[in-house]
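The sequence shown begins at 407 in the working numbering and counts up by one. Where a beta carbon is used, it is the ideal one built from N, C-alpha and C, also for glycine. Bear in mind the structure is a predicted one, so any value in this text is a computation, not a measurement.
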Amino acid sequence: MTSSPDQVLEQTCIYISIQMRGWKMMKIMIVDDEVQIRKGMHLKLNLTDQAYEVIGEASDGKEALEKLASNAVDLVITDMRMPVMDGLAFTKECKKQYPHIKIIVLSGYSDFDYVKNAMKEGASDYLLKPVSPDDLETTLSKMKQEIEHEKVEKHELNKMKRAARYAFEDERRKYLLYVANGDWLNQDAVSERLKQLQFNELADPDAVIRILTIEARGTDGESSRPKKLWESFRLLCNEISSQFDQIWLFENPAYPSLIHAVSLLHQKYEQSFIRKVQDQSKSLLNLYTVIGAGESVIGFDKMKDTYISSLLAWSQSPLETGAHLYKEDQHSLQGTGLSPEFERIMMSASEQGDVKPVSDLIKKELVKSGQHSAYSFTVGANRILFLLGTIVQKYELKDPSISQSIWLCQQEVRQMTNYVTVMNSIVLVSETITQAVHSVRFSGSKVTDSVKQYLDMHYAEDISLSMLSDLFHMNGTYLSELFKQQTGQNFTDYLVKVRMKKAADFLKDHRLKIIDVAELTGYSSAGYFSTVFKKHYACSPVEYRRQQDNGSVDREVD
Numbered sequence: 407m408t409s410s411p412d413q414v415l416e417q418t419c420i421y422i423s424i425q426m427r428g429w430k431m432m433k434i435m436i437v438d439d440e441v442q443i444r445k446g447m448h449l450k451l452n453l454t455d456q457a458y459e460v461i462g463e464a465s466d467g468k469e470a471l472e473k474l475a476s477n478a479v480d481l482v483i484t485d486m487r488m489p490v491m492d493g494l495a496f497t498k499e500c501k502k503q504y505p506h507i508k509i510i511v512l513s514g515y516s517d518f519d520y521v522k523n524a525m526k527e528g529a530s531d532y533l534l535k536p537v538s539p540d541d542l543e544t545t546l547s548k549m550k551q552e553i554e555h556e557k558v559e560k561h562e563l564n565k566m567k568r569a570a571r572y573a574f575e576d577e578r579r580k581y582l583l584y585v586a587n588g589d590w591l592n593q594d595a596v597s598e599r600l601k602q603l604q605f606n607e608l609a610d611p612d613a614v615i616r617i618l619t620i621e622a623r624g625t626d627g628e629s630s631r632p633k634k635l636w637e638s639f640r641l642l643c644n645e646i647s648s649q650f651d652q653i654w655l656f657e658n659p660a661y662p663s664l665i666h667a668v669s670l671l672h673q674k675y676e677q678s679f680i681r682k683v684q685d686q687s688k689s690l691l692n693l694y695t696v697i698g699a700g701e702s703v704i705g706f707d708k709m710k711d712t713y714i715s716s717l718l719a720w721s722q723s724p725l726e727t728g729a730h731l732y733k734e735d736q737h738s739l740q741g742t743g744l745s746p747e748f749e750r751i752m753m754s755a756s757e758q759g760d761v762k763p764v765s766d767l768i769k770k771e772l773v774k775s776g777q778h779s780a781y782s783f784t785v786g787a788n789r790i791l792f793l794l795g796t797i798v799q800k801y802e803l804k805d806p807s808i809s810q811s812i813w814l815c816q817q818e819v820r821q822m823t824n825y826v827t828v829m830n831s832i833v834l835v836s837e838t839i840t841q842a843v844h845s846v847r848f849s850g851s852k853v854t855d856s857v858k859q860y861l862d863m864h865y866a867e868d869i870s871l872s873m874l875s876d877l878f879h880m881n882g883t884y885l886s887e888l889f890k891q892q893t894g895q896n897f898t899d900y901l902v903k904v905r906m907k908k909a910a911d912f913l914k915d916h917r918l919k920i921i922d923v924a925e926l927t928g929y930s931s932a933g934y935f936s937t938v939f940k941k942h943y944a945c946s947p948v949e950y951r952r953q954q955d956n957g958s959v960d961r962e963v964d
């Protein structure tokens, strides 16, 4: 029986609570060759107020190491003089294999040299025989504090590493969307960036690529279930894709509730990925998946074509539940797409805030498409919606109602009850977007925000003032003065600051070399990158990474 979202949340909270209680419970192993000594230690432990659990005993160091291999232990209390393997040899080997385990050694006055050597080998503390309950209490309390402090530090370090890895993965996902949208001009720059982001196979001009568009749907009319389980569905898809070297996921804010997968076309891997998504979504989340498979293309410069065709394939799916896979024929889009001239005129009119020309252009194109066939109209409508989504992303239009409107238009195209209704809906959305773009472009603060957002996304590219002025259709001098007036700094200083912040995040990921971080943040020379970084953070990238590992706080230099 499948758990409800509320039950899943409750079970998660219970699990975390149990884990936290277990984390506070100190797990102890007692090592001594005399049974009576071990029993006596048990009795003395019972007299303390410490929360602990004795999870095992051993009669010598060798037996203790064997048991440590299958038991999670925080603390070992060990005698020094034992047969087979004494306490000193055990301490040395234990710290080599399990450096996190604390060791308390027991010894008499006559064996104090043993104790000193054990401390050199990594023992945390010692107790002299006979052990008094008070001394044991004090030492256990000290050990518990050290263990908890180290676990907190380890947790924070792991969290920092996960955040650093997520920052890198987030860059990769955003760039896949950027390439798929096709809103770029310099193919060499895109190829270089793909390689920097470790998409070497995708950067190959001969790579055969397909994009899959994935939607989760509820069973038995449970339309709200996919929304409730959206994060779980995303995590599941990410986990499955991580098992495939040549399948990568990204999302598009213009199409909420959809996940897109870029696949290098190796049939057995792609089919295996599709089966896992469908099977595990049903078995683990009780969700069905509808997948639209785009046409295959050669080279990342054609990714826009496979992306649009994957959306078109998805849009052809019926609304009833059940797992489905829809594919676009290899030649299905030929002769049905928008001309480059149409896209150029529409982009230009939208960015100038000319509502009527945009509306007239869309109506004319859709009427022409509808005269050919229903299929041609569907393709044209989807391509126009895709183009509108690209404009929304370029100007970072934050109004959620815009994305929702695009999504609803997608649903209307899928159902296709009336051509005129669909066309009017698309025209209405285009007018809203055009007005929003006009508001952004002709408001000083909003223009600055748009430039900042562009720099935040494209910080690794070779960006100049003239390029920005062309991109935002503004005089370069005016744009520069406006940016400085709104931010208090010129765009070059802002760009450096963005690059340094990203560099600091990337340096936390030890899988990236310094030269990798330099290239990822727009510097072809590691030496020059280090110079700029040191000026910004008052330490070299290597020193910064070391400070992060030691828990030091990073600081910027004004």
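- Put simply, the backbone Cα of residue 679 is about 13 Å away from that of residue 617.
- Between residue 481 and residue 432, the beta carbon gap of about 6 Å places them in contact (Cβ cut-off 8 Å).
- The Cβ atoms of residue 927 and residue 951 lie no closer than 8 Å to each other.
- One Cα belongs to residue 526, the other to residue 675, and the distance between them is close to 53 Å.
- Counting the other CB atoms within 10 Å of its CB gives residue 459 a total below 16, which places it among the exposed residues.
- Distance from residue 829 to residue 769 at the Cβ level is roughly 6 Å; contact confirmed, criterion being Cβ atoms closer than 8 Å.
- Taking 8 Å as the upper bound for CB-CB distance, residue 670 and residue 615 are in contact here, some 6 Å apart.
- According to the DSSP assignment, residue 459 belongs to the beta strand (DSSP E) that extends over 458-464.
- By the criterion of at least three beta-carbon pairs nearer than 8 Å, the stretch 713-724 is not in contact with the stretch 641-648.
- Taking C-beta separations shorter than 6 Å and ignoring five residues to either side along the sequence, the partners of residue 462 in its chain run 435, 473, 477, following chain order.
- With contacts defined as CB atoms closer than 8 Å, residue 507 and residue 549 fail to qualify as a contacting pair.
- Annotated three-state conformation of residue 664 is strand, per DSSP.
- By a beta-carbon distance limit of 8 Å, residue 792 contacts residue 717. Their separation comes to about 7 Å.
- Separation of residue 597 and residue 603 (C-alpha to C-alpha, rounded to the nearest whole angstrom) is 10 Å.
- Counting only the Cα atoms, residue 857 lies some 23 Å from residue 656.
- Across the set 902, 622, 666, the C-alpha of 622 shows the shortest separation from the C-alpha of residue 686.
- As DSSP reads the structure, residue 531 sits in a beta bridge with 510.
- Put simply, of 865, 796, 586 the residue whose alpha carbon is nearest the alpha carbon of residue 839 is 796.
- With 16 or more other CB atoms across the displayed protein chains lying within 10 angstroms of its CB, residue 925 is buried.
- Judged by beta-carbon spacing, residue 854 lies within the 8 Å limit of residue 893, meaning their Cβ atoms are closer than that value.
- Within 10 angstroms of the beta-carbon of residue 780 lie fewer than 16 other beta-carbons, which makes it exposed.
- The secondary-structure analysis by DSSP pairs residue 698 across a beta bridge with 619, 732.
- When the Cα atoms are used, residue 542 and residue 500 turn out to be separated by approximately 22 Å.
- Judged by beta-carbon spacing, residue 659 lies beyond the 8 Å limit of residue 551, meaning their Cβ atoms are not closer than that value.
- Bridge pairing for residue 485: 512 [DSSP].
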